[in-house]
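Encoded as C-alpha cells, the structure appears first; notes follow it.
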Ligand code: GDX
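Numbering (the numbering used here), first residue to last: 2 to 397.
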C-alpha cells in the first residue's frame, strides 16, 4: 500500500500531469497525492485536468487526490515543509476516511518534486525495492552539475561534518534531496516530532534527514543515473531563501545529540556520469559576481566585526570589487562557526550577510575547482567535507 506525493507550487502543468500518470500506472502504487502551496493558477489547472480525466472514458485507474497544504507551523514561512507535512498527515489518516476507500493503513509514502522532467517508473521501483529489502528510509541520489547543489555542499554537508562528525549524517549523499520513501513507522516518528511539524520552509529536508538519523532508522541511498532534469537557476539570488532556511535548520539543531552507535546505511554505487550533466553549468556566473556588491548596509558592515579578519576584510573589499578568492575552505568554515552562534534567519541584514559569504564561497569554488573539470570539482567538494569530518572526529 504505497502513496506517491508530489508537492507543487508553480510548475509546468504538462510535466506534473505526466509524472502523476507515471505514478498511477506503477504496480506498487495505490494512490497519488498532489499537495499545492495555494489555490493558484497552476493548482486550478491541475485540478481541472484531474477532474476532466476522471470524467472521461479513460479515468485514472487509481485515486488521485489534490489538496491545498494546511498551515501546520506557526512561526516559519509557509513553504515546502507545510506541503510535505500535510502529505504525511494525509498518509497517516487516509484509511480512516471512508471516502478514500483504503481498506487498511497505507504502508509507504514516496515524495518526488513535481517538476522532474526525467521522472520515470524506475524512481518508484527503486524505492519500493529498498523498502522490500527492509530499509526504513530510501533516499534517491543522483549526479548533479558541478555548480549545482551548493547549498547541500557548503551548508548542509559542512554543517553535518562540523557538528556530528562521528555519526552517519556526514555520509548522507544528498541530505537535502526531496525524492525519498518513508515506511509508516518513520512517518509516525517524524510527525511526533514538533520541530519537524514546525519546519514549514525549505528546512524540511534537513529536518527529515536529521531526525531519521537521530532515531536510528535504516537508510538505503539508491542511485538514479539519469539524474534530475529541472530548470537552471538564474543568478545565485534565486537560492537565497533556500540557503538561509537550510542554514537556520542546521543551526536550530546544533545542540541536539545524535547517537554515535553505527546504524544501517547502505549506498548504492554510482555509475559514470553522462555528459549532459558533466557539461552543465548550474547558475549564471557573471550575474552572481554582481551580488557581492549589492544591498550593503552600515549594519552589515558592523556585523562583520564578529568574523575572523580574513572573512571580514575580504568581504569589505568585495563590497567594492568582485573579489572572492579569500573565501577558501578554511575561511568559509571559520565564518560558518560564527554564523552558527549569531545568524538570525528573521533579520534581513544577517540574511544578506550569509548570502554574500556563500556567494563568495561558491564563486571561489567555481573558479578554483570547476574550471579544472567536473571530476576535479566533485573531488574538491568531497575532500572539503572529508577533511573537516576527519579533523572534527579527532578533536572530539
Ligand atoms: N506544496 C508546496 N508548497 N510545494 C512547494 C512549495 C510550497 O511552498 N515550494 C516548492 N514546492 C515544490 C515545487 O513545486 C517542486 O515540486 C518541489 O517543491 C521542489 O521545488 P523547486 O523549486 O523545484 O526546488 P529545487 O530548487 O529543485 O530544490 C529541490 O531540490 C533540492 C535539492 O535536492 O538540493 C527541493 O526539493 C529542495 O527541497 C531540495 O533541497
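For each residue, glycine too, the CB sits at the ideal point set by N, CA and C.
Quick caveat: nothing in here was measured; it's all calculated off a predicted structure.
DSSP lists 110, 138 as the bridge partner or partners of residue 183. Of the heavy atoms belonging to ligand 1, none sits nearer than 8 Å to the Cβ of residue 236. When the alpha-carbon of residue 137 is set against those of 170, 238, 143, 186, the nearest one is in 186. For residue 74, the CB stays at least 8 Å from every heavy atom of ligand 1. The criterion of a C-beta distance shorter than 9 Å is satisfied by residue 33 and residue 4. Following the DSSP letters along the chain, one finds residue 93 inside the alpha helix (DSSP H) bounded by residues 81-94. Going by DSSP, residue 223 is part of the beta strand (DSSP E) stretching over 220-224. In the three-state DSSP reduction, residue 236 falls in the coil class, being neither helix nor strand. Relative to the Cα of residue 367, the nearest Cα in the group 115, 328, 206, 201 belongs to 328. Taking all protein chains in view, the Cβ of residue 288 is surrounded by fewer than 16 other Cβ atoms within 10 Å, so the residue is classified as exposed. A Cβ-Cβ separation of about 15 Å leaves residue 134 out of contact with residue 183 under the 8 Å criterion. A check of alpha carbon separations from residue 175 across 18, 224, 249 identifies 224 as the nearest.
Closer than 8 Å to some heavy atom of ligand 1: that does not describe the Cβ of residue 64.
Distance from residue 181 to residue 152 at the Cβ level is roughly 17 Å; contact not present, criterion being Cβ atoms closer than 8 Å. Setting aside the 5 residues that flank it on each side, residue 306 is surrounded in the same chain by 313, each with a C-beta closer than 8 Å to its C-beta; the list follows chain order.
Between the alpha carbons of residue 7 and residue 145 lies a gap of roughly 21 Å. In the pairwise beta carbon analysis, the segment 381-390 is classified as touching the segment 157-173: at least three pairs are separated by under 8 Å.
Ligand 1 never approaches residue 182 closely enough for any of its heavy atoms to be under 8 Å from the residue's Cβ.
Around the Cβ of residue 81, a 10 Å sphere holds 16 or more other Cβ atoms; the residue is buried.
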